[in-house]
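Trainee: Chains as they are written, first to last, in the numbering used here: chain H, 1 to 267; chain L, 1001 to 1258.
1. Would residue 1015 of chain L count as contacting chain H if we go by Cβ distances under 9 Å?
2. Which residues of the stretch 166–189 of chain H have a Cβ closer than 7 Å to any Cβ of chain L? Give them in chain order.
3. List, in order along the chain, the chain L residues whose C-beta lies closer than 7 Å to that of residue 28 of chain H?
4. In chain H, what lies closer than 7 Å to residue 1035 of chain L by C-beta?
5. Does residue 267 of chain H have its Cβ less than 9 Å from a Cβ in chain L?
6. Output yes or no for whether 9 Å exceeds the beta carbon distance between residue 33 of chain H and residue 123 of chain H.
7. I think residue 1157 of chain L touches residue 1071 of chain L, with their Cβ atoms under 8 Å apart; what is that distance to the nearest whole Å?
8. Can you pull the chain L neighbours of residue 35 of chain H, defined as C-beta to C-beta under 9 Å?
9. I'd like the ranges of any alpha helix (DSSP H) spanning at least 4 consecutive residues and lying wholly in the stretch 79–126 of chain H.
10. How would you call residue 267 of chain H, buried or exposed, if buried means at least 16 neighbouring beta carbons within 10 angstroms?
11. How long is the line joining the alpha carbons of residue 91 of chain H and residue 99 of chain H, rounded to whole angstroms?
12. Under a CB-based cut-off of 9 Å, is residue 212 of chain H close to chain L?
13. Within the 9 Å Cβ cut-off, does residue 200 of chain H reach chain L?
14. How long is the line joining the alpha carbons of residue 1001 of chain L and residue 224 of chain H, rounded to whole angstroms?
15. Round the Cβ separation of residue 53 of chain H and residue 198 of chain H to the nearest angstrom and send it over; I've been treating them as touching at under 8 Å.
16. Within 9 Å (strictly less), CB to CB, does residue 131 of chain H reach chain L?
17. Could you name the residues of chain L that residue 38 of chain H contacts, counting a contact when the two beta carbons are closer than 8 Å?
18. With a threshold of 9 Å between beta carbons, is residue 68 of chain H in contact with chain L?
19. Per DSSP, what are the beta-bridge partners of residue 1054 of chain L in this structure?
20. Distance cutoff 9 Å, beta carbons only. Does residue 1029 of chain L sit that close to anything in chain H?
21. Residue 1109 of chain L: buried (16+ other C-beta within 10 angstroms of its C-beta) or exposed?
22. Can residue 239 of chain H and residue 219 of chain H be called in contact, C-beta distance under 9 Å?
23. Considering just the uninterrupted stretch of the alpha helix (DSSP H) at residue 1197 of chain L, what are its terminal residues?
24. Going by the beta-carbon positions, is the gap between residue 75 of chain H and residue 136 of chain H smaller than 9 Å?
25. Which residue from H:234, H:215, H:163 puts its Cα closest to that of residue 252 of chain H?
26. With distances taken from CA atoms, which of L:1224, L:1223, L:1238, L:1118 is nearest residue 1204 of chain L?
27. Which residues mark the beginning and the end of the alpha helix (DSSP H) in which residue 1226 of chain L is found?
28. Residue 216 of chain H and residue 72 of chain H look like a contact to me (Cβ under 8 Å); what is the Cβ gap, rounded to whole Å?
29. I'd like the span of the alpha helix (DSSP H) that includes residue 241 of chain H, first residue to last.
30. Note down, in chain order, all residues in the stretch 91–124 of chain H with a beta-carbon under 8 Å from any beta-carbon belonging to chain L.
31. With DSSP run on the structure shown, which of helix, strand or coil describes residue 1097 of chain L?
32. Could you work out which residue in L:1214, L:1122, L:1167 is closest to residue 1253 of chain L when comparing CA atoms only?
33. For residue 205 of chain H, does the three-state DSSP call read helix, strand or coil?
34. Can you give the Cα-Cα distance for residue 142 of chain H and residue 69 of chain H, rounded to whole angstroms?
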């Protein structure tokens, strides 16, 4: 356990070093979120009755999404892990007396958490300051906020466990940039990164809500904004826990098989 | 020009060496923009129109935008990757060669996998052309072509400015992505839906609306004035500050060493 924690801490501190990059990222995400909300507002004006969430909920959804972007998006890859597989430095990792799956998982979670913490506060402050229709509102109650944190944590776990499966697939393909991009864009779409899930056509939405991708950013963002309330919150969180366990054990099993066959080329 | 064609052939050949990898990456580019189209489709399945634009009319606008962007990306990839070129010292080698420097950066990298995106845009355009309700005549076709061509030159100018900025910062500036990637992503809807202030900014500061929104109005006969047919050509003005800024950066360039 101590080893995992120190991997986590190393990653965390490492990611905190890139403050200038974070600054650029913050500006980008503020502009991005603003444009997103303006587009939603135009659709709202076009036909308020067809809008599937309350407008203020949608606004909170977008701002929280931008603030915690690096926590939830599938496409943020760990370059270290990718290169250790393709360049063979994984051989060193295998010699270490720490389970590789756990080590990588901690590494992913640590750097995602650090990047998000660096970026979130200025975005949140700006989003709260903005005037009425475009500013973010607080969640309905303190309980909701706590449930949001729980759900966000689970969602981070689901994203990390899912991306572990993709890293593991790299053992078999070596040149996997294309597949990575494709899977990530599909996963992001189904988790509500481009269009929030409530905007999907009803049948597709019903199916999409059961997939593991709905346990990613979809859940915490909708809990925070007040779009999901009451017992649905607990159902959603239970589903998140279920998917987290499935992905975790599937990942461990796949990793075991991949490592059984791994051939490190050259020395 | 002949030299450029030679570079072109070399890049094409080298990328065709790894065919499976090439097609997979191109396919994934296709898939990435496919989800963007799917998003637009879902939105319009719910709201039939936004700001008076229907789904097919929006597609017309999105596909020309995406086409312009992916063309710029195929050919101007060198400027997109320019910070790496500076960092690795590869740029210093280009400086000693007796050819125009912008030409060399342009020829140094081409990325044909981005054609996947172009293909997606072309498919959407083919769907939108008959269904958008535009009465196609020569002036409309001319306008549509101008939207794509001028659009890709505007994106090229933005890449050029991005590259020029990295003379001062060495690292790339993420903020420029708002204008390039953001332009592509938010250009899926006519720029007027974002409100007057954004439209004004995209007309007079970063002229993305000049090759997207205004000619679209002309295509749809919302504006009869012939001037709107030629707004894409006006947007090419951006090339002047783009080149000037690049030259300015070049004069102050200090090598990073190797």
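A virtual CB, placed ideally from N, CA and C, is assigned to each residue, including glycine.
Mentor: Once the coordinates are examined:
1. no
2. Of all residues in the stretch 166–189 of chain H, only 175, 177, 178, 179, 181, 182, 185, 186, 189 place a beta-carbon less than 7 Å from a beta-carbon of chain L.
3. 1174, 1175, 1177, 1178
4. Chain-order list of chain H residues neighbouring residue 1035 of chain L: 185, 186, 189, 194, by C-beta distance under 7 Å.
5. Note that residue 267 of chain H has pLDDT 47, beneath the 50 cutoff, so the model's placement of it is unreliable and the number below is only indicative. No, no contact with chain L.
6. yes
7. Going by Cβ atoms, the distance from residue 1157 of chain L to residue 1071 of chain L rounds to 13 Å, so no, they are not a contact pair.
8. 1178, 1182, 1185, 1186, 1194, 1198
9. 79–87, 90–95
10. Only weak support is given to the placement of residue 267 of chain H: the predicted model assigns it a pLDDT of 47, under 50, and the question is left unresolved by the model.
11. 13 Å
12. no
13. yes
14. One C-alpha to the other measures close to 57 Å.
15. 5 Å
16. no
17. 1193, 1194, 1195, 1198
18. no
19. L:1049
20. yes
21. buried
22. yes
23. 1196–1204
24. no
25. H:163
26. L:1238
27. Where residue 1226 of chain L is concerned, there is no enclosing alpha helix (DSSP H), given that its DSSP letter is neither H nor E.
28. Taking C-beta atoms under 8 Å as the contact rule, residue 216 of chain H and residue 72 of chain H qualify, at a distance of about 6 Å.
29. Taken as a continuous stretch (DSSP letters only), the alpha helix (DSSP H) holding residue 241 of chain H covers 231–261.
30. none
31. coil
32. L:1167
33. helix
34. 23 Å
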